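Student: Letter by letter, the sequence shown follows residues -16 to -1, 1 to 56 of mature numbering (1 follows the signal peptide of the UniProt record, and there is no 0).
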Amino acid sequence: MRLLVFIFALLAIAFSLDEICKKELETGPCRAAFRKYGYSTKESKCVQFIYGGCKGNENNFETMEECQKKCA
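1. Going by DSSP, name the residue or residues bridged to residue 30.
2. What are the start and end residues of the alpha helix (DSSP H) that includes residue 55?
3. To the nearest whole angstrom, what separates the beta carbons of residue 53 and residue 33, a pair I think is in contact under 8 angstroms?
4. Would residue 30 be called buried (16 or more neighbouring beta carbons within 10 Å of its own) or exposed?
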């Protein structure tokens, strides 16, 4: 039973990571210009984009490698 719960928890975590990557790239309303990386569902890969500094979403990574590790 514990093994089943553990497997279910792992699947839930994996699914939530996929959901992050499915979110649209979001610059946000602020006017800063931070270079960030996110998964583009249109291009099916991680891409660089400009983040304004506030109110984005979780599809927002500091490095290309971090994005690829989570999403690619």
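The C-beta atom is built at its ideal place from N, Cα and C for all residues, glycine as well.
All values reported here derive from a predicted model rather than from experimental measurement.
Tutor: Let me lay it out:
1. 23
2. 48 to 55
3. Wrong, their Cβ atoms sit about 18 angstroms apart, outside the cutoff.
4. buried
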